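Residue 624 is where the sequence shown ends in the UniProt record's numbering, and the numbering goes up by one at each step. Every residue gets a Cβ at the ideal spot worked out from N, C-alpha and C, and that includes glycine. On a predicted model such as this, the values are computed, not experimentally measured, just so you know.
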Amino acid sequence: MELTEEQQRQVEANRAAAIAKRKAFLESRAQREEQSHGEGEKTTNPNPWQLFKCQKFPKAQPPKFLARLEICSPDSFSITPIQLPPFPFPGHQHCLSTLNSILSHVMLSHFTQTTGGVEVCVFKLTEYHAVVRQLKVEVEALQVEEIPWATFNVVERLSLSVASGRWTPVRPEHLADEEVERVIAKLPRTLLDVLLPFQHDGLRFALRRGARCLIADDMGLGKTLQAIAIAGCFLDEGSILVVCPAVLRFTWAEELERWLPLCLPADIHLVFGHQDNPIYLTRKPRVVVISYTMLHRLRKNMLELQWALLIVDESHHVRCTKKTEPGEFVEVLYEFGLREEIYISGIRRSDWGLIQAVLDVASKVNRIILLSGTPSLSRPGLLGKTKYEFAKTYCNLKYIKGNQGKYFANGGIMVQDYSKGVRLEELNVLLKQTVMIRRLKEHVMLQLPPKRRQIIRLLIKRSDIVAAKTAIGVISIDATERESEDTALENLDETDGKLSYQELGIAKLSGFREWLALHPIVAGSENASKMIIFAHHHRVLDGVQEFVCEKGISFVRIDGNTLARDRQSAVVSFRSSPEVKIAIIGILAAGFGLDFSTAQDVVFLELPQSPTLMLQVLFGIPLH
């Protein structure tokens, strides 16, 4: 059937309209592409009717994994299979089978063990080079992450002592066992007899390493006593310098007098201010005890003196963060002379001067003993000259979104997160082999006496007395009339120096806060034990509670105003909740029937006026 002339014209018109419509659509799309790409060229397809080819997908990657070699004991290392992006992970058991197949005909003495819930292959350290050579041949199946050379070099040399069962010096400052025993013989018998077995081990550990070590025992295990024993071995070689928080100066002086008969009161010089500068002394003291602040203020004069031994108490104060000058911290850290320790994170910029003073003095001393009960806040290491080199080996670097940072992705600010660690078992072995000795209470519980008692002496300043009298309304005085922080009680006149029982408790709050600020509870240590703080007056209890609240520590309080039902609820909360670390208790409210057996530390900020009441409090609360 033929089309009429009119129908033919309609078909041609429809065809022309369709072509024009498609042309307009293609031109419009080309313009949009030009605008989106910012280019002037049109990207039209010369043949719009041509079919597009199917998209090609990349070939699947063959399975492959990362074999991480890590030191797991003083004389062995492990191989852990880890996923290696972008390759698919073949599975943990398949990786172990692959490792066994590769190494079975090379090393016959390997085996597997569970480390942190993960099964690994373990080899002797003497087989390390042969294992690495064989693994590197299998480039298609795995990639090798070797033990850092500096770490392997140190541990390999010290492993000789493990293999022989006898200490072998490997550095110039190390002492042989014969020399260690000769030095220990200098100590008084009274001190040697009081040292517990694990403290004897700490003494020998330090002396073998030339009195250059970090004693990181748990709180209450006698780090001070061990440091005094070490110092006693070198009293005849010059003066000893003890750097500690201000609140601990009297404690150090008393302990030195108690355990070293050669140290008379006149031989121990305490520095409280510029007037106590050791440079002015006509007679050289055996021991100088100084705070971090005064060391900073007297830095120039202290550098002019010669020291046989430096003891740094609460050494986790010597630390750095990204707020310090870039690269500055670890460079001066090597001035410690240890060369094998300490990268510790987290400090205010204002404290850098205190740290620098310690480092400057340490750079001129051959023997250095660091004491710290909270090494969990520390990051000691001997890898690299900057903290970033350390992080490259022992931190699992990730980028996370944050409010500050230089790294941008998808329009957001990304910051570097170093909070997660890797190769931590290796780091632990490295530290314990080189500079650190650490024992927890549960490790040496059988060697400990049932209870240990210690008196912490506080320096009550004039400002503390004025604050105490003002608090109870005895006097009213403007703060500007108070004397400086270093003014001691001896500078008061006789009338101002008389304190009531309540005033004395309030006056002790300032020093108590300084002391408690050094405790692992306040430092945020996960291993910090629970504590009971006893006081009598409500104003004193309020002062303790205010400080605890400032530090964000969970606590319970029981005093004379606490109802009976609330008392039992507080006890249950203290015993059962891991977050509740402190119990603030009124002495008269303690009584009988309160079970605080989960606490390990008891502090009496105020003593009962009756010895009978003291015994009642102690026996009424069973402590284990």
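Whole angstroms is fine: what's the gap from residue i's alpha carbon to residue j's?
{"i": "F123", "j": "P81", "result": "15 Å"}
{"i": "W307", "j": "H129", "result": "44 Å"}
{"i": "N410", "j": "I521", "result": "Because N410 carries a pLDDT of 45, less than 50, the predicted location of this residue cannot be relied on, and no value is offered for it."}
{"i": "L446", "j": "S554", "result": "31 Å"}
{"i": "G327", "j": "N301", "result": "Low confidence applies here, because G327 scores a pLDDT of 37, under 50, leaving its location unreliable; read the following figure in that light. The straight-line gap from Cα to Cα measures roughly 27 Å."}
{"i": "V247", "j": "G511", "result": "6 Å"}
{"i": "V288", "j": "S239", "result": "7 Å"}
{"i": "I538", "j": "G505", "result": "Going by the sequence as given, residue 538 is His instead of Ile. Taking the straight line joining both Cα atoms gives about 10 Å."}
{"i": "L99", "j": "R438", "result": "35 Å"}
{"i": "F604", "j": "E179", "result": "44 Å"}
{"i": "S363", "j": "I228", "result": "21 Å"}
{"i": "F547", "j": "V556", "result": "13 Å"}
{"i": "C121", "j": "S78", "result": "5 Å"}
{"i": "K59", "j": "L518", "result": "60 Å"}
{"i": "A468", "j": "Q568", "result": "33 Å"}
{"i": "E255", "j": "L225", "result": "8 Å"}
{"i": "E119", "j": "S159", "result": "24 Å"}
{"i": "N428", "j": "E156", "result": "15 Å"}
Quick one: what does DSSP say residue i is sitting in, helix, strand or coil?
{"i": "G505", "result": "helix"}
{"i": "Y399", "result": "strand"}
{"i": "G421", "result": "strand"}
{"i": "I215", "result": "strand"}
{"i": "K461", "result": "strand"}
{"i": "R557", "result": "strand"}
{"i": "S315", "result": "helix"}
{"i": "P265", "result": "helix"}
{"i": "E2", "result": "coil"}
{"i": "T251", "result": "helix"}
{"i": "P285", "result": "coil"}
{"i": "T562", "result": "coil"}
{"i": "F512", "result": "helix"}
{"i": "K59", "result": "coil"}
Which residue from the options puts its Cα closest to that of residue i?
{"i": "V365", "options": "I311, Y388 and K398", "result": "I311"}
{"i": "M294", "options": "G273, S573 and A517", "result": "G273"}
{"i": "A507", "options": "A523, R283, Q545 and L459", "result": "L459"}
{"i": "R182", "options": "I230, I19 and P90", "result": "I230"}
{"i": "I215", "options": "L26, H537, F512 and L370", "result": "L370"}
{"i": "P449", "options": "A18, I582, L221 and T168", "result": "L221"}
{"i": "R249", "options": "K59, Q433 and W515", "result": "W515"}
{"i": "H536", "options": "T470, T598 and S610", "result": "S610"}
{"i": "M219", "options": "D193, G373, K284 and R462", "result": "G373"}
{"i": "Y418", "options": "L424, L397 and E426", "result": "L397"}
{"i": "V361", "options": "L84, Y292 and V137", "result": "Y292"}
{"i": "L607", "options": "Q502, R367, D542 and K551", "result": "Q502"}
{"i": "T190", "options": "W149, H174, W259 and L359", "result": "W259"}
{"i": "S315", "options": "R286, C263, R297 and V242", "result": "V242"}
{"i": "D559", "options": "V544, E550 and G552", "result": "V544"}
{"i": "G421", "options": "Y394, Y399 and H94", "result": "Y394"}
{"i": "S577", "options": "A564, F596 and N561", "result": "F596"}
{"i": "N153", "options": "D75, R133, K186 and F198", "result": "D75"}
{"i": "D601", "options": "V571, L509, A471 and R452", "result": "R452"}
{"i": "T168", "options": "R209, S97 and G91", "result": "R209"}
{"i": "Q356", "options": "V318, M531 and K21", "result": "V318"}
Starting from residue i and walking both ways along the beta strand (DSSP E), at which residues does that stretch end?
{"i": "L66", "result": "F65 to S73"}
{"i": "D601", "result": "A599 to F604"}
{"i": "G586", "result": "V580 to G586"}
{"i": "H269", "result": "I268 to L270"}
{"i": "C233", "result": "Per DSSP, C233 belongs to no beta strand (DSSP E) and is neither H nor E."}
{"i": "S159", "result": "Run containing S159: none in the beta strand (DSSP E); it sits in the alpha helix (DSSP H), W149 to S164."}
{"i": "E138", "result": "E138 -> no beta strand (DSSP E), and no H or E assigned at all."}
{"i": "Q81", "result": "Per the sequence presented here, residue 81 reads as Pro, with Gln not at that position. Residues S76 to Q83."}
{"i": "residue 625", "result": "The first residue shown for the chain is 1 and the last is 624, placing residue 625 beyond what the model contains."}
Assuming residue i and residue j form a contact by the criterion Cβ under 8 Å, report the distance between their Cβ atoms to the nearest whole angstrom.
{"i": "A211", "j": "F234", "result": "7 Å"}
{"i": "L430", "j": "T151", "result": "6 Å"}
{"i": "F534", "j": "I455", "result": "So it is not a contact: roughly 15 Å between Cβ atoms."}
{"i": "C72", "j": "M436", "result": "At roughly 17 Å, the Cβ-Cβ gap does not stay under 8 Å, so C72 and M436 are not in contact."}
{"i": "Q143", "j": "A24", "result": "With 8 Å as the limit, Q143 and A24 do not qualify as a contact, their Cβ atoms being about 56 Å apart."}
{"i": "I147", "j": "L69", "result": "5 Å"}
{"i": "R286", "j": "I268", "result": "7 Å"}
{"i": "V132", "j": "L103", "result": "In fact, because the Cβ distance is near 11 Å, the residues do not count as touching under 8 Å."}
Tell me which residue opens and which closes the alpha helix (DSSP H) that residue i is part of.
{"i": "H200", "result": "P197 to R208"}
{"i": "M294", "result": "Y292 to R297"}
{"i": "K392", "result": "K387 to Y394"}
{"i": "E550", "result": "H538 to E550"}
{"i": "L191", "result": "R189 to V194"}
{"i": "E127", "result": "It is not in any alpha helix (DSSP H) - E127 carries neither H nor E in the DSSP assignment."}
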